[in-house]
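Asks: For the sequence shown, our numbering assigns the number 118 to the initial residue and increments by one for each residue that follows. Before we start, here is the structure in question, set down as structure tokens.
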Amino acid sequence: MPGLSELRRRVDAITEAADSFRVRAFFTGEKEILEAGKFSKEEYERYLDYLLEDEFRRRLVLGVIREGNGLTIDEIAHRAEFSRLEVIRHINALRYEELAERKSDGLVVAKREEQRKVPYEKIKFIVEGGLCTGCGGCIAACPVYAINFINEKPVIDEDKCIGCGICNVHCPRTFFPISLIRESLKGSPVDVETEGVSFYRQAFTAQTAKEKVKQVCQDGGIVTSILAYLFDRGMIDCAIGVRKADEEWRTQAALVTNVDELLGIAGTKYTVTPSISLLEEVKRRGFRRVAVVGVPCQIHTVRKAEVYSSELLSFLGEIVVLIGIFCMENFGHTALREIVEGRLGVKLEDVAKFNIEKGKFYVHTMSGEERSIPTKEISVLARHACHYCPDLTNELADISVGSIGSSKGWSTVLIRTKRGEKIFEEAMKEGYLIANSLPDAGMELLQKLAKGKRKRNLEALSERAKEGKYATLIV
């Protein structure tokens, strides 16, 4: 039977959970949420129950922290009778809410009651602060369709917004639990500041074995081949990617449902696209099993939702696989025009494809001409948020794919998870692709570039914080 102190802790936790910002906002917004039609009455009630339970358990952890006056994570887990990973999950959120902090010695303490608590405010401050990646996660998560993507950024319709903070929870730039996600995927703690490509199970250089893919692919055609395998075997209903929207290389998020549509969107695009917003369309069109292809910030969004909003994510679709594209930085369409037309003297409508290789940005024209510019000369034109991303090789994907480290016509493939390993091996066994071990020289180059980006961009994030600007809490 629980003791008096534990009963008191539970009563306090229930009271605080019911009065928490997220629960109150979602509860008072019931009418608007149901009228919007994104979620059914049953889904609304399930998610409200999920929020209440989540806040209750978080407040239990906070109660243990308050009583302990300086405890390790393992001590908190023991006293709360929660798993270590769940405790870390709640501590991350409490740190973001400024209700707890982790000292340099690793001990977790509660903050004084008079210290400011950070509410789950709208992601407008992320957009205006230049931290928005344009991933589209906030659009998919918003329960009242209050967020639209206009001029390459999310814009909140204040007349529709109910102030529930769900956009904040799903944004990878408010706070991002990279250590927790990596530990849950790998099974042991990792050093997020010193590693390069991060953990992987296997590393390959690979190429498609399908002629129809070779005709349209960017490098080795691996992403297209894996998705084609999944479609052919009936393992997915749809896949999220990016398509070229017009002759001037504007892009739009694409939801493809078969191999023919898949072949039509093959190849890499270098402009920001809110692909994750299509998770809402997956639900609306009645699909369930979805493969997601994205750059690191987009994969980060899905992984964060798996940790902090699994119930909502389950309404939107069942993620079969996350395929991550290597990414140094991304560009807006205006910046792309400046690079291609302003710096290289090529009309956008004359471009056949783009590529980044060996430190240069290449433009290949319809007539077969090739022009290039060093990437260091155009980095200043990249989306501002890209300068704060530490992830080159898409370390949280199931399968990571890029050209760095492989020969022309081949792709470097890092298998990160058991789920990714099973899919890749089956696709190879079924004759969709061929793969060899990645040469040491290829891995050395990849590690060098990945470490460089991590160091450079974490330093930029630190400098931003020193300037008094909001900086993403990476924990």
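Glycine included, each C-beta is placed from N, C-alpha and C at the ideal position.
1) Thinking proline 289 and histidine 417 are a contact (beta carbons under 8 Å), I'd like their distance in whole angstroms, please.
2) With a threshold of 8 Å on Cβ separation, who are the neighbours of methionine 560 within its own chain once the five nearest residues in sequence on each side are excluded?
3) What's the call for glutamine 332, buried or exposed, on a 16-neighbour Cβ count within 10 Å?
4) On the three-pair Cβ rule with 8 Å, is the stretch 395 to 410 touching the stretch 428 to 441?
5) Return the CA-CA distance between isoleucine 591 and isoleucine 295, expressed in angstroms with no decimal places.
6) Once you ignore the five residues that flank isoleucine 273 on each side, which residues in its own chain have a CB closer than 7 Å to its CB?
7) Quick one: what does DSSP say leucine 550 is sitting in, helix, strand or coil?
8) Any C-beta of chain C sitting closer than 7 Å to the C-beta of leucine 168?
9) Is lysine 470 closer than 7 Å to glycine 338 when the C-beta atoms are compared?
10) Classify arginine 219 as helix, strand or coil using the three-state DSSP reduction.
11) Touching or not, the stretch 354 to 361 and the stretch 390 to 403, by the rule of three or more beta carbon pairs under 8 Å?
12) For leucine 578, I'd like the list of residues in its chain whose CB is within less than 6 Å of its CB, leaving aside the five on either flank, ordered along the chain.
13) Leucine 498 to asparagine 285, Cα distance in whole Å?
14) Beta-carbon within less than 8 Å of methionine 483's beta-carbon, same chain only, minus the 5 sequence neighbours each way: which residues are those?
15) Short of 7 Å in beta carbon distance, which residues of its chain neighbour alanine 257, apart from the five on each side in sequence? Order them along the chain.
16) How long is the line joining the alpha carbons of leucine 177 and asparagine 472, rounded to whole angstroms?
17) What are the boundary residues of the beta strand (DSSP E) that serine 528 is part of?
18) If you drop the 5 nearest sequence neighbours on each side, which residues of the same chain put their C-beta closer than 7 Å to that of serine 342?
19) For the beta strand (DSSP E) containing proline 391, name the first residue and the last one.
20) What three-state label does DSSP hand glutamine 564 in the structure shown?
21) Which of helix, strand or coil does DSSP assign to proline 294?
22) Would you mind stating whether glycine 253 and histidine 501 have Cβ atoms separated by less than 7 Å?
23) On the three-state DSSP scale, how would you describe tyrosine 167?
24) Run the CB neighbour count on glutamate 512, radius 10 Å, all protein chains shown included, and call it buried at 16 or more, exposed below.
25) By DSSP, does proline 413 sit in helix, in strand, or in coil?
26) Quick check on DSSP: helix, strand or coil for lysine 64?
27) Can the beta-carbon of isoleucine 205 be found closer than 7 Å to that of leucine 344?
28) Alpha helix (DSSP H) containing glutamate 245: first to last residue?
29) For alanine 422, I'd like the list of residues in its chain whose CB is within less than 8 Å of its CB, leaving aside the five on either flank, ordered along the chain.
Replies: Straight from the coordinates:
1) The Cβ separation is near 4 Å, so the contact holds.
2) Same-chain partners within the cutoff: Val314, Ala320 and Gly522.
3) Its Cβ having fewer than 16 others within 10 Å, glutamine 332 is exposed.
4) A contact exists between the stretch 395 to 410 and the stretch 428 to 441.
5) If I take the Cα positions, the gap works out to 7 Å.
6) These residues qualify, in order along the chain: Lys239, Lys241, Ala263 and Ile264.
7) Collapsing the DSSP output to three states places leucine 550 in a strand.
8) In summary, chain C is missing from the structure at hand, where a single protein chain is found.
9) With respect to lysine 470, glycine 338 sits apart: the two C-beta atoms are not nearer than 7 Å.
10) The answer is strand: DSSP assigns arginine 219 an E or B state.
11) The stretch 354 to 361 vs the stretch 390 to 403: in contact.
12) If we look at leucine 578 and ignore the five residues flanking it on each side, its Cβ neighbours are Tyr505 and Ala588.
13) Leucine 498 and asparagine 285 have their C-alpha atoms spaced approximately 27 Å apart.
14) Close CB contacts of methionine 483 within its chain, under the 8 Å cut and outside five residues either way in sequence, are with Asp467, Val468 and Ala469 (chain order).
15) Correct list, in chain order: Ile393, Ser394, Leu396, Glu397 and Leu433.
16) Spanning the alpha carbons of leucine 177 and asparagine 472 requires a straight line of approximately 51 Å.
17) Start and end: 528 to 532.
18) Once the five neighbours on either side are set aside, the close Cβ partners of serine 342 are Thr325, Lys327, Val330, Ala544, Tyr549 and Leu550.
19) Where proline 391 is concerned, there is no enclosing beta strand (DSSP E), given that its DSSP letter is neither H nor E.
20) The DSSP-derived three-state label of glutamine 564 is helix.
21) The answer is coil: DSSP assigns proline 294 none of H, G, I, E or B.
22) With contacts defined as CB atoms closer than 7 Å, glycine 253 and histidine 501 fail to qualify as a contacting pair.
23) Looking at tyrosine 167 - three-state DSSP - the assignment turns out to be helix.
24) By the neighbour-count rule (16 or more Cβ atoms within 10 Å), glutamate 512 is buried.
25) In the three-state DSSP reduction, proline 413 falls in the helix class (H, G or I).
26) Absent from the structure is residue 64, since the part of the chain shown begins at 118 and ends at 592.
27) No.
28) If you look at glutamate 245, you'll find it in the alpha helix (DSSP H) that goes 241 to 245.
29) Cβ neighbours of alanine 422 beyond the five flanking positions: Gly254, Ala258, His287, Leu429 and Leu430.
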